[in-house]
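*Asks:* Please see the structure below; I have some questions.
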DNA sequence: GATCAACTGTTTTTTATTTCACAATTTTTA
DNA sequence: TAAAAATTGTGAAATAAAAAACAGTTGATC
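Rendered as structure tokens:
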């Protein structure tokens with residue numbers, strides 16, 4: 001199986017977004033131009049595009065329209081994927097709003113919380129249910145993707161509920177480092193904002209390339 | 212110069228947070244135990260700790276208290292670092308709240324927006340100024356770290372303002388891929404939430420390790 | 001229509017990161 | 001006190017990722 005790296009998938013996602021912007025201006029783009037737009041290198045771009053089976057034309061480049069649809073065919077789910085989010089505090093709300101209508105093939109269908117003031121309402125147009133209802137809703141709505149933006153100490157329990165209910169992919173925005181057994185076959189993306197901040201602080205004093 | 216990788220810095224940050232939790236329970240910890248807590252491996256932990264110059268004791272492990280202070284000495288700025296955030300929409304607000312009091316050596320001293328309803332108020336206890344004032348405030352407060360959570364199309368201009376004002380490190384939460392010249396010597400952390408979502412979608416169908 | 005210039009797709013090389021493996025060390029046990 | 005057991009620190013090997021190099025095409029130019 002020709003497995004594609006996470007890094008490549010991230011870049012393909014970025015290429016597509018940059019290409020959408022360019023589409024208004026022109027028909028074709030060279031690898032070095034796309035590289036510049038995506039903050040990468042020409043070699044890296046060509047390498048990434050190899051996975052698509054779409055080939056450009058020397059001296060002419062890639063037809064933007066075709067390249068976009070090729071990336072879409074590669075990246076996007078065939079049908080619309082339902083997504084849920086657990087924990088509708090500040091970050092959860094921000095993600096709901098951010099997410100809204102951003103990707104046509106990803107549909108945020110429900111959010112969950114334990115705060116009775118939120119349960120039963122709609123937040124950014126998305127219905128909020130009690131956490132207890134999550135397993136049932138996930139099954140009913142055939143949800144494959146779950147986002148966790150709860151408190152740190154609820155993370156583990158929530159992830160276990162998600163996995164038991166059949167979730168295939170988790171994005172964890174809490175700082176609790178989830179540990180999912182390989183045998184579960186669940187994809188995990190850990191976004192550790194605290195680590196990012198501390199890294200920024202560390203390199204603000206250290207990141208001096210030329211001394 | 213013995214430069215330490217970004218990955219290692221991220222893990223050290225995580226180790227410290229996990230160790231803080233353990234500190235309540237016990238005095239010493241083995242590399243394989245810390246690895247389990249941080250979702251890593253014993254070899255990786257030992258390798259990362261090598262950079263600290265702190266050595267553990269065979270058959271006894273690392274003294275948690277000492278290890279924490281050693282990581283802190285390594286990671287933390289010597290004095291308190293001021294941080295600013297630009298763009299106080301949903302995500303910006305969430306980051307403000309999230310950040311509040313989380314790291315003692317990092318102090319969020321100001322946020323900026325162009326919305327006149329926000330300018331002049333306090334958001335999560337942090338004063339909000341007009342974006343125009345940013346350069347001056349950054350210089351006055353000797354701010355080294357800037358967070359961007361604006362709209363996508365404002366990102367580039369904001370980063371240029373930041374760099375011109377003397378910022379040393381930028382965390383960019385917008386999807387616009389900033390391109391900072393090496394010569395600027397500014398550290399950049401790009402957090403592309405859209406890419407994370409699309410990655411999660413991609414691997415939810417693909418991430419089947421054993422077929 | 002032959003030559004040149006510039007770009008693509010892919011192989012090779014280089015660099016970075018992780019894992020392995022093991023001598024050295026320390027505690028525990030006898 | 002000697003032997004056994006378990007863990008550390010680190011050099012070496014393996015793996016992963018990025019960059020470089022280059023043959024093969026294609027469009028442009030004369």
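Residue numbers (our numbering), protein chains in the order written: chain V, 1 to 211; chain B, 212 to 422. Here a beta-carbon is modelled for each residue, glycine too, at the ideal position from N, C-alpha and C.
1) Are any of the Cβ atoms in chain B nearer than 9 Å to that of residue 91 of chain V?
2) Within the continuous alpha helix (DSSP H) that includes residue 130 of chain V, where are the two ends?
3) For residue 111 of chain V, does the three-state DSSP call read helix, strand or coil?
4) Quick check: the Cα distance between residue 245 of chain B and residue 220 of chain B, rounded to an integer number of angstroms?
5) Against residue 224 of chain B, what residues of chain V qualify as contacts under a CB-to-CB distance less than 8 Å, listed in chain order?
6) Give a yes or no on whether 9 Å exceeds the smallest Cβ distance from residue 369 of chain B to chain V.
7) Just grab the DSSP bridge partners of residue 95 of chain V for me.
8) With a threshold of 9 Å between beta-carbons, can residue 209 of chain V be considered close to chain B, or not?
9) Select from B:336, B:340 and B:321 the residue whose C-alpha is nearest the C-alpha of residue 327 of chain B.
10) If contact is defined by three or more beta carbon pairs under 8 Å, each pair taking one atom from either stretch, is the region 100 to 108 of chain V in contact with the region 73 to 89 of chain V?
11) Please state the DSSP three-state secondary structure of residue 399 of chain B.
12) Hey, residue 380 of chain B and residue 298 of chain B: beta-carbon distance below 9 Å or not?
13) For the region 296 to 328 of chain B, enumerate the residues whose C-beta is nearer than 9 Å to any C-beta of chain V, in chain order.
14) For a quick check, are the C-beta atoms of residue 63 of chain V and residue 28 of chain V less than 9 Å apart?
15) If I measure Cβ to Cβ from residue 66 of chain V and keep anything under 8 Å in the same chain, skipping five residues before and after, which residues do I get?
16) In the structure shown, what three-state DSSP assignment does residue 215 of chain B receive?
17) Count the other C-beta atoms from every protein chain shown that fall within 10 angstroms of the C-beta of residue 291 of chain B, then say buried if there are 16 or more, exposed otherwise.
18) At a Cβ threshold of 9 Å, is residue 390 of chain B touching chain V?
19) Pairs of beta-carbons, one from the region 173 to 191 of chain V and one from the region 144 to 158 of chain V, closer than 8 Å: are there three or more?
20) Tell me which residues share the same chain as residue 82 of chain V and place their Cβ nearer than 6 Å to its Cβ, disregarding the 5 neighbours each side in the sequence.
21) Assign residue 106 of chain V to one of three DSSP states: helix, strand, or coil.
22) Can you confirm whether residue 343 of chain B, when its beta carbon is compared against all beta carbons of chain V, has any partner nearer than 9 Å?
23) Beta carbons nearer than 8 Å to chain B: which residues of the region 61 to 74 of chain V have them?
24) Could one say the Cβ of residue 215 of chain B lies closer than 9 Å to chain V's Cβ atoms, at least one of them?
25) Quick check on residue 150 of chain V - is its C-beta less than 9 Å from some C-beta in chain B?
*Replies:* So, to answer that:
1) yes
2) Note, residue 130 of chain V: premise wrong, no alpha helix (DSSP H); beta strand (DSSP E) at 126 to 130.
3) strand
4) 16 Å
5) 192, 194, 195, 198 and 199
6) no
7) None, per the DSSP bridge assignment.
8) In this prediction, residue 209 of chain V has a pLDDT of 49, which is less than 50 and means its spatial position is unreliable; what the coordinates show is noted afterwards. Judged by the 9 Å Cβ criterion, residue 209 of chain V is in contact with chain B.
9) B:340
10) yes
11) strand
12) no
13) 300, 301, 302, 303, 304, 305, 306, 307, 308, 309, 310, 313, 314, 316 and 317
14) yes
15) 54
16) coil
17) exposed
18) yes
19) yes
20) 107, 109, 141 and 143
21) strand
22) no
23) none
24) yes
25) no
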